[in-house]
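In the working numbering, the protein residues as written are 15 to 111.
Structure, rendered in C-alpha coordinates:
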(Lines of atoms letter the chains of each structure in order from A and count residues from 1; the text may use other names and numbers.)
(Lines give C-alpha, C1' and ligand atoms only; values in the text may rest on other atoms or scores of the structure.)
Protein backbone atom coordinates (compact mmCIF):
# COMPACT_ATOMS: atom_id res chain seq x y z
CA UNK A 1 0.00 0.00 0.00
CA UNK A 2 1.08 3.58 -0.49
CA UNK A 3 1.27 4.08 3.27
CA UNK A 4 3.63 1.11 3.70
CA UNK A 5 1.07 -1.13 5.42
CA UNK A 6 0.11 -4.57 4.17
CA UNK A 7 -3.12 -5.61 2.44
CA UNK A 8 -4.23 -9.14 3.27
CA UNK A 9 -7.06 -11.35 2.05
CA UNK A 10 -10.47 -11.74 3.61
CA UNK A 11 -9.36 -14.12 6.39
CA UNK A 12 -6.88 -14.10 9.23
CA UNK A 13 -4.29 -16.90 9.34
CA UNK A 14 -6.65 -18.68 11.77
CA UNK A 15 -9.29 -18.97 9.03
CA UNK A 16 -11.61 -16.44 10.67
CA UNK A 17 -12.84 -13.15 9.23
CA UNK A 18 -11.62 -10.17 11.29
CA UNK A 19 -14.48 -8.66 13.28
CA UNK A 20 -12.76 -5.42 14.28
CA UNK A 21 -12.02 -3.67 10.96
CA UNK A 22 -12.18 0.12 11.08
CA UNK A 23 -13.65 2.46 8.43
CA UNK A 24 -10.47 2.05 6.36
CA UNK A 25 -10.88 -1.77 6.40
CA UNK A 26 -7.86 -2.18 8.68
CA UNK A 27 -7.00 -3.27 12.19
CA UNK A 28 -4.05 -4.06 14.44
CA UNK A 29 -3.35 -7.76 14.57
CA UNK A 30 -0.81 -10.48 13.88
CA UNK A 31 0.71 -10.80 10.39
CA UNK A 32 2.87 -13.66 9.12
CA UNK A 33 6.55 -13.49 8.24
CA UNK A 34 7.37 -13.26 4.53
CA UNK A 35 10.86 -13.79 3.15
CA UNK A 36 9.61 -12.53 -0.23
CA UNK A 37 8.59 -9.15 1.23
CA UNK A 38 11.26 -9.02 3.93
CA UNK A 39 8.81 -8.92 6.86
CA UNK A 40 8.90 -10.68 10.20
CA UNK A 41 5.90 -12.05 12.07
CA UNK A 42 4.57 -9.23 14.21
CA UNK A 43 1.44 -7.43 15.39
CA UNK A 44 0.87 -4.31 13.28
CA UNK A 45 -1.88 -2.22 11.70
CA UNK A 46 -2.79 -3.69 8.30
CA UNK A 47 -5.70 -3.83 5.83
CA UNK A 48 -7.97 -6.67 4.74
CA UNK A 49 -10.16 -7.30 1.76
CA UNK A 50 -13.83 -7.73 2.67
CA UNK A 51 -17.18 -8.73 1.20
CA UNK A 52 -18.67 -5.30 1.95
CA UNK A 53 -17.74 -1.70 1.11
CA UNK A 54 -15.06 -0.44 0.92
CA UNK A 55 -13.96 -4.01 -0.18
CA UNK A 56 -10.24 -3.11 0.03
CA UNK A 57 -8.83 0.12 1.46
CA UNK A 58 -11.28 2.93 2.25
CA UNK A 59 -8.64 5.35 3.52
CA UNK A 60 -5.23 5.23 5.14
CA UNK A 61 -5.74 4.33 8.78
CA UNK A 62 -5.97 3.69 11.52
CA UNK A 63 -9.13 5.71 12.18
CA UNK A 64 -11.84 5.47 14.81
CA UNK A 65 -14.84 6.44 12.64
CA UNK A 66 -16.11 7.01 9.11
CA UNK A 67 -16.19 10.74 9.86
CA UNK A 68 -12.49 10.66 10.77
CA UNK A 69 -11.81 8.82 7.49
CA UNK A 70 -13.74 11.46 5.52
CA UNK A 71 -11.82 14.21 7.28
CA UNK A 72 -8.60 12.95 5.73
CA UNK A 73 -9.77 13.77 2.21
CA UNK A 74 -11.07 17.11 0.97
CA UNK A 75 -12.94 15.31 -1.82
CA UNK A 76 -15.27 13.61 0.66
CA UNK A 77 -18.71 15.09 0.80
CA UNK A 78 -21.09 15.66 3.67
CA UNK A 79 -23.93 15.22 1.20
CA UNK A 80 -26.65 12.74 2.08
CA UNK A 81 -27.04 11.97 -1.64
CA UNK A 82 -26.15 8.36 -2.48
CA UNK A 83 -25.72 6.13 -5.50
CA UNK A 84 -26.86 2.52 -5.46
CA UNK A 85 -24.65 0.05 -7.26
CA UNK A 86 -25.56 -3.59 -7.87
CA UNK A 87 -22.89 -6.24 -8.15
CA UNK A 88 -22.97 -9.51 -10.05
CA UNK A 89 -24.31 -11.59 -7.14
CA UNK A 90 -27.45 -9.43 -6.90
CA UNK A 91 -26.51 -7.42 -3.82
CA UNK A 92 -26.94 -3.65 -3.99
CA UNK A 93 -24.62 -1.29 -2.12
CA UNK A 94 -25.32 2.35 -1.35
CA UNK A 95 -22.39 4.77 -1.70
CA UNK A 96 -22.37 8.33 -0.44
CA UNK A 97 -21.55 10.83 -3.19
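Every residue, glycine too, gets a C-beta built ideally from N, C-alpha and C.
Report, in whole angstroms, the separation of the C-beta atoms of residue 70 and residue 58, which I expect to be a contact under 8 Å. 18 Å between Cβ atoms; not a contact.
Give the DSSP-derived three-state secondary structure of residue 31 in the structure shown. coil
Please determine if the stretch 47–56 and the stretch 64–78 are in contact, where contact requires at least 3 C-beta pairs separated by less than 8 Å. no
Under DSSP, the alpha helix (DSSP H) around residue 85 begins and ends at which residues? 80–85
Comparing alpha-carbon positions, which option in 63, 18 and 106 lies nearest residue 34? 63
Just how far apart, CA to CA, sit residue 79 and residue 36? 7 Å
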